[in-house]
Amino acid sequence: MGKSKCDSRIKVMKGDITQVKVDAIVNAANNSLLGGGGVDGAIHRAGGKEILEECIKIRNKQGGCETGQAVITTAGKLPAKFVIHTVGPVWHGGNNGEEELLKSCYQNSLKLAVEHKVKSIAFPNISTGVYRFPKQLAAPIAINTVSEFLKNDKTIQEIIFVCFDQENFKLYSEIINFSNLMK
Ligand code: AR6
């Protein structure tokens, strides 16, 4: 039996990420950092104007956020302490660096989290909405990338994948539960 790829600190749940009580939640933002629809819209609506104000400050300093990169702000009125805004790639067929960029989103979000002493973090399914990244490809990339990161990190205690739609929830549950069975 092979060694499990999945760390027991990795969890999956179905729900709305704005309700999750963790140190940091991750936002699937866009390059402008000025908000949008999907999970981005939900986070700004529920968190209030403080989040947008900090995003505007970051924009004024560094001109938004590049695809694959991440920035951190307050979480305003949300139960979390921080929002980490990362920009996923738009799916253009798969030959435009989409997989590497998606990986970078998870890696750079986790690096920022560690720098801010975050112990628990929740991720949405980055790029799988408006940006059309195929869900069945994005799920193993997300899970493998955070698993690799955890191999070299002892500070993060919990990573929760918060799936909003049933299709993602099923994909994540299957991968995570299967690899736990193999432990
Ligand atoms: N909690 C958790 N996940 C959610 C929530 C929520 N409240 N709402 C939606 N999702 P998307 P993208 C899931 O489109 O594809 C925005 O306009 C959703 O089911 O939010 O990275 C930004 O401003 C899907 O699985 O983000 C950008 O312009 C996942 O979140 C653009 O969309 C991502 O869907 C980014 O597109």
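Start counting the sequence shown at 349; every next residue gets the next number (our numbering).
Even for Gly, the Cβ is constructed at its ideal location relative to N, Cα and C.
No experiment lies behind these values; they were computed from the predicted model shown.
Residue range of the alpha helix (DSSP H) that includes S495: Where S495 is concerned, the enclosing alpha helix (DSSP H) starts and stops at 483-499.
Through-space distance from Y520 to K362, alpha-carbon basis: Near 10 Å, if we compare the C-alpha coordinates of Y520 and K362.
Of the residues L382, Q417, L498, the one placed nearest K397, counting alpha carbons only: Taking K397 as reference, the option from L382, Q417, L498 with the minimal CA-CA separation is L382.
Beta carbon of I469 nearer than 9 Å to that of I373: Yes, Cβ-Cβ distance for I469 and I373 is below 9 Å.
Three-way DSSP call (helix, strand, coil) for A423 in this model: DSSP, read as helix, strand or coil, puts A423 in coil.
Proximal residues to K467 (C-beta, below 8 Å), its chain only, five neighbours per side dropped: Closer than 8 Å at Cβ, skipping near neighbours: D371, T503, I504, Q505, E506.
Residues bridged to T434 (per DSSP): Per the DSSP secondary-structure output, T434 pairs in a beta bridge with A376, A418.
C-alpha gap between N408 and S380, whole angstroms: Just so you know, the alpha carbons of N408 and S380 end up roughly 11 Å apart.
Where I504 falls: helix, strand or coil (DSSP): DSSP places I504 in coil when its eight states are reduced to three.
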